[in-house]
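Numbering (full-length UniProt numbering), first residue to last: 1 to 347.
Idealized CB from N, CA, C, for every residue including glycine.
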Amino acid sequence: MDIPKYIGDVHPREYIKEMRVYCHFKQITNDDEILKFSKLMIDSTIDISSEKLEKIRSCEDLIEVLREHITFAIFKNSTIRKLHLLKYQLERDGGDTPKFIAKFRSLCRDAEIDEIDRRKHHLYYTLPNDFFRNEFIKHYDDINSMNDLVICFENTLNEYSRFILNGSVVALKHVATGKYLCSNNTHYATGSKNQVVFCGKYLRDSNSEWTIKCLQSPEFLPYDSIIYLQHNNTNNFLEICTDRHNLSPVSKSTEVSCGSNNNYSDYTWILDRSKSGSQHAYLKTQDIIVLRNKYPDYLTNRQNDEVLGSKETVFTVGDDKNEYQEVYAHPKESVSEFDEWCIELIE
1 MDIPKYIGDV HPREYIKEMR VYCHFKQITN DDEILKFSKL MIDSTIDISS EKLEKIRSCE
61 DLIEVLREHI TFAIFKNSTI RKLHLLKYQL ERDGGDTPKF IAKFRSLCRD AEIDEIDRRK
121 HHLYYTLPND FFRNEFIKHY DDINSMNDLV ICFENTLNEY SRFILNGSVV ALKHVATGKY
181 LCSNNTHYAT GSKNQVVFCG KYLRDSNSEW TIKCLQSPEF LPYDSIIYLQ HNNTNNFLEI
241 CTDRHNLSPV SKSTEVSCGS NNNYSDYTWI LDRSKSGSQH AYLKTQDIIV LRNKYPDYLT
301 NRQNDEVLGS KETVFTVGDD KNEYQEVYAH PKESVSEFDE WCIELIE
């Protein structure tokens, strides 16, 4: 363990603390001896008169003398500038929350910012987006200590982490049967002969991962917005094959498949709340939702409005021995528990 040396790049109080640790490590516990070492290890470029040094009788006296030196003013001003430049980076963008909080606290300490209002002010300007800032303002007057400040920050972060954002990877769990919405490279033997969509296992796997996107929203996903779901393993889109009126294998409802159809209305879905779902404005993980597809029926010259559903009916494809739980779409007038999906945030 190297003996600490004071060159003006740490707070004097931290320097004395480091010196005490060193001395205790060396089994030096006498305060006069610790003070002696602390004086000796002040860099020679920090010009403190011998007369002033002789008047120092305790480590607290030494701290005050070092704080009066120009090097401390430079250190303190530099620390304040670092605090102004500090920005919180979300963990999904590579940030590290414990390190950020530790850095913020140490900068406040070194800059001798003790007033809670000043600390709140500085933390506010580190926040990454309007959601954080708006949530922070809601609780601003209730923050009376550094611990309150950190708790408020953590609660806001936890709330933010529940939102499903534009471009998030999600899974959709069918509420009634507990199985996940899936697709794979198998193709229907009837109808569109596109890639099958089915409810698979009770646990997520790579076949149940979808990227959710919205052309209307830059970040959060509001209810009633138009979204599309891209299957991660195959890059195809969850869609209704509307142009040929294809029917699902068992129930003979509208077929739902996964494909690269260029018909925009086929693979866009309206994000609806279920009757048992939450009432907040934006989509969050564990929300219960209904997915609705509205498309023009050129045979009847009217708009069809159908929802995504599933029941414990299964089908097979050709010689494939696997059984697939059917997923289909049907008119929204008869929405039931079989049309509810629990959305889960993966990343």
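- Within this structure, are the beta carbons of F163 and Y282 separated by less than 7 angstroms? yes
- Query: Buried or exposed: where does N144 fall if 16 or more other Cβ atoms within 10 Å of its Cβ makes it buried?
  - Reply: exposed
- Query: Straight-line CA distance for I289 to E18?
  - Reply: 56 angstroms
- For A329 versus E306, is the C-beta distance shorter than 7 angstroms? yes
- Item | Cβ neighbours of L165 in the same chain (closer than 8 angstroms, five flanking residues each side left out) | E219, F220 and L221
- Query: So, V327 versus V256, is the Cβ gap smaller than 7 angstroms?
  - Reply: yes
- Query: Comparing alpha-carbon positions, which option in L271, K294, S192 and R204 lies nearest L247?
  - Reply: S192
- How long is the line joining the alpha carbons of N228 and S208, rounded to whole angstroms? Reading off the sequence, residue 228 comes out as Tyr, not Asn. About 15 angstroms.
- Item | Rounded separation between G8 and D32 - CA only | 22 angstroms
- Message: Count Cβ pairs between the stretch 84-100 and the stretch 22-29 that sit closer than 8 angstroms; are there 3 or more?
- Response: no
- Item | Per-residue burial, G318 [other beta carbons within 10 Å of its own, 16 or more giving buried] | exposed
- Task: If I'm right that Y22 touches M1 with Cβ under 8 angstroms, what's the distance once you round it to whole angstroms?
- Result: 6 angstroms
- Query: From S168 to G200, what distance separates their C-alpha atoms?
  - Reply: 21 angstroms
- Decide if I70 is buried, meaning its Cβ has at least 16 other Cβ atoms within 10 Å, or exposed. exposed
- Message: Does A171 pass the burial test, meaning 16 or more other C-beta atoms within 10 Å, or should it be called exposed?
- Response: buried
- Task: Apply the 10 Å Cβ neighbour rule to P331 and answer buried if 16 or more other Cβ atoms are within range, or exposed otherwise.
- Result: exposed
- Message: Applying the 10 Å Cβ sphere with the 16-neighbour rule, what's the burial state of H280?
- Response: exposed
- Task: Compare the Cα-Cα distances from L215 to each of N184, G178 and Y267 and report the closest residue.
- Result: Y267
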